[in-house]
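Engineer: Taking the numbering used here, the leading residue of the sequence shown gets 17, the next gets one more, and so forth.
Glycine residues also receive a C-beta, built at the ideal position from the N, C-alpha and C atoms.
Predicted, not measured: the structure shown is a model, and the values here were computed from it.
Pasting in a structure now, in structure tokens, and then I'll have a few things to ask.
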Amino acid sequence: MLLFLVIFSILEVQPVSREAAKELDGRTIDGDLIEEMKPAMRFENGTTFLEITAESEKYVPVMEVITSVTGYVGDLTRFDGSEFYVLREQELKQRIEKQGLSETEKEFWRSREAQVSKPFVYHYHSGPANLLKAFQVLGFFIFLLSTVGLSGVYARETADNMNQLLLCSRYGKKELYLIKFAAGLTWILAAAFLLLLAIFTPYSFVYGMEGMGEMLQLVKPWSMLPYTLGQMLGVYAGIYLLTAVLFAAVTMLLSVITQNQPAVTCGLLGYLIVDLFAELPDRFGVIQKIWLLRPNAVLMNTGFTNYRLTHLAGRLFLNFQAAPVIYTVIIVAALLIGRRKYRRLQVGN
Numbered sequence: 017m018l019l020f021l022v023i024f025s026i027l028e029v030q031p032v033s034r035e036a037a038k039e040l041d042g043r044t045i046d047g048d049l050i051e052e053m054k055p056a057m058r059f060e061n062g063t064t065f066l067e068i069t070a071e072s073e074k075y076v077p078v079m080e081v082i083t084s085v086t087g088y089v090g091d092l093t094r095f096d097g098s099e100f101y102v103l104r105e106q107e108l109k110q111r112i113e114k115q116g117l118s119e120t121e122k123e124f125w126r127s128r129e130a131q132v133s134k135p136f137v138y139h140y141h142s143g144p145a146n147l148l149k150a151f152q153v154l155g156f157f158i159f160l161l162s163t164v165g166l167s168g169v170y171a172r173e174t175a176d177n178m179n180q181l182l183l184c185s186r187y188g189k190k191e192l193y194l195i196k197f198a199a200g201l202t203w204i205l206a207a208a209f210l211l212l213l214a215i216f217t218p219y220s221f222v223y224g225m226e227g228m229g230e231m232l233q234l235v236k237p238w239s240m241l242p243y244t245l246g247q248m249l250g251v252y253a254g255i256y257l258l259t260a261v262l263f264a265a266v267t268m269l270l271s272v273i274t275q276n277q278p279a280v281t282c283g284l285l286g287y288l289i290v291d292l293f294a295e296l297p298d299r300f301g302v303i304q305k306i307w308l309l310r311p312n313a314v315l316m317n318t319g320f321t322n323y324r325l326t327h328l329a330g331r332l333f334l335n336f337q338a339a340p341v342i343y344t345v346i347i348v349a350a351l352l353i354g355r356r357k358y359r360r361l362q363v364g365n
């Protein structure tokens, strides 16, 4: 499944070669460059697209940035390129107002936006960009592996009539809980590394990994974070691995509580369906903020374009900064609650 997903994602990418994209390396995205691109633009059915030829192929990555920033589905061939950053600034203000941010949050984002280098400078970055977008897919697969592989870690003891044997052993269930918990975490981390490698290898082969030091806005134009692609890849790789541990801990906790493997599997898959399709509008401020801290939402890079902040200990945190703290608390809680529940099944406790 993962192999086919990687192949399809590569095939769906705009047909632009690495050599062609590098022809614009170091060019400033400004009015002059946009005017240079206009002869290759075509306006049909209310949408402007780039007519790809041997000469215009190099403009494809820049066209993606321009259409994302302008949000303009009309005739870009009449677009005044000199207003590119003015339009971006206006749209950012509208998004902030729509999300109903407090003055403190607005000031936080104004200070971050002031640190973003402008005008944008294009450099080839397809490898890191595609890898950053792939973390949601990685989170989806590691969730499925956790659900299928760990839902019976403790529940199978009851299903396979192993309780009698365990209760007759010297240590019973006192030591076994932590041993199984550690085994589950080891297994899920190994699986997470393999999944990451399965994505990283073909992407690095097809696109290369050049562009680690380039600005995040080349991939997420609406972001106001003054970070590079390489920095965010490191952050998200850490969150991804912590998410794998979180999924494993919650799955094993439910396995202890229910002592029923099918119930755990079905319950988690039901949650996954809700996770994939449920969205909350901006007017549900607090609830939406909590919902956006769920693992798959964080791995979807929601923090790049959703500007609500989390208040912890009197400080403001982005969702990918607050999420690791919350996930760690949940993991520790799952360990302690599950251990207490499991030891109650032991005779004499």
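(1) Using DSSP with H/G/I as helix, E/B as strand and the rest coil, what is G364?
(2) Confirm, please, whether the CB-CB distance from N335 to T326 is below 8 Å.
(3) Where DSSP assigns a beta bridge to H327, which residues make up the other side?
(4) Give me the residue from R324, V164 and K357 with the minimum Cα distance to V302.
(5) How about the stretch 61 to 68 and the stretch 97 to 105: do they share at least three Cβ pairs that are nearer than 8 Å?
(6) Leaving out the 5 sequence neighbours to the left and right, which residues in its chain are closer than 7 Å to M248 when beta-carbon positions are compared?
(7) Leaving out the 5 sequence neighbours to the left and right, which residues in its chain are closer than 8 Å to D91 when beta-carbon positions are compared?
(8) Could you check where the alpha helix (DSSP H) with T274 kicks off and where it finishes?
(9) Do the CB positions of E121 and L332 come within less than 8 Å of each other?
(10) When the Cα atoms are used, what is the spatial distance from L161 to Y219?
(11) Rounded to the nearest angstrom, what separates N312 and L296 at their Cα positions?
(12) Output needed for I158: all residues of its chain with C-beta closer than 8 Å, excluding positions within five of it in sequence on either side, in chain order.
(13) Does the distance from the C-beta atom of G354 to that of L269 stay below 8 Å?
(14) Leaving out five residues before and five after Y343 in sequence, what residues of the same chain have Cβ atoms less than 6 Å from its Cβ?
(15) Just the C-alpha distance for G364 and R310, rounded to the nearest angstrom, thanks.
(16) CB Y358 to CB G227, shorter than 8 Å?
(17) From N322 to E191, what does the alpha carbon distance come to, in whole angstroms?
(18) Which residue wins for smallest C-alpha separation from G250, given the options L49, A145 and V348?
(19) Determine whether the beta carbon atoms of S72 and L166 lie at a separation below 8 Å.
(20) Please say whether T86 and K54 have beta carbons closer to each other than 8 Å?
(21) Taking the CB atoms as reference points, tell me whether F151 and L315 lie closer together than 8 Å.
(22) One question on the structure: do F320 and L245 come within less than 8 Å of each other, judged by their Cβ atoms?
(23) Helix, strand or coil, according to DSSP, for L213 in the structure here?
(24) Keeping to the same chain, check which residues put their C-beta closer than 8 Å to that of R111; ignore five residues upstream and five downstream.
(25) Along the chain, where does the alpha helix (DSSP H) containing T69 start, and where does it finish?
(26) Give the secondary structure of E80 by DSSP, where H, G and I count as helix, E and B as strand, and everything else as coil.
(27) Over the uninterrupted alpha helix (DSSP H) stretch that includes E230, give me the two end residues.
(28) Does the Cβ of T163 have 16 or more other Cβ atoms within 10 Å, making it buried, or fewer, making it exposed?
(29) Quick one: which unbroken beta strand (DSSP E) runs of 3-plus residues sit fully inside the stretch 83 to 133? Chain order, please.
(30) For E295, does the three-state DSSP call read helix, strand or coil?
Structural biologist: Taking the structure as given:
(1) The pLDDT assigned to G364 is 46, lower than 50, so where the model puts this residue is not dependable, and the model offers no usable value.
(2) In contact: T326 and N335 (Cβ atoms closer than 8 Å).
(3) L332
(4) R324
(5) no
(6) Excluding positions up to five away in sequence, the list reads L148 and L232.
(7) In the same chain as D91, and ignoring 5 residues on each side of it, the C-beta atoms closer than 8 Å to its own belong to F59 and T64, in chain order.
(8) L245 to T274 is the span of the alpha helix (DSSP H), which, as asked, contains T274.
(9) With a cutoff of 8 Å on beta-carbon distance, E121 and L332 are scored as near each other.
(10) 22 Å
(11) Cα to Cα, the separation comes out at about 15 Å.
(12) Cβ neighbours of I158 beyond the five flanking positions: I204, A207, A208, L211, Y256, T259, A260 and F263.
(13) yes
(14) Excluding positions up to five away in sequence, the list reads L258 and L262.
(15) Note that G364 scores 46 on pLDDT, short of 50, meaning its location in the model is unreliable; the coordinates nonetheless yield the value given after this. Answer to the nearest angstrom: the Cα atoms are 39 Å apart.
(16) Not closer than 8 Å, so no.
(17) 44 Å
(18) A145
(19) no
(20) no
(21) yes
(22) no
(23) helix
(24) Closer than 8 Å at the Cβ level, and outside the excluded window around R111, lie W238, T321 and Y323.
(25) Premise fails: T69 is in no alpha helix (DSSP H) and is neither H nor E.
(26) helix
(27) Careful: E230 lies outside any alpha helix (DSSP H) and carries neither H nor E.
(28) buried
(29) none
(30) If DSSP states are grouped into helix, strand and coil, E295 belongs with coil.
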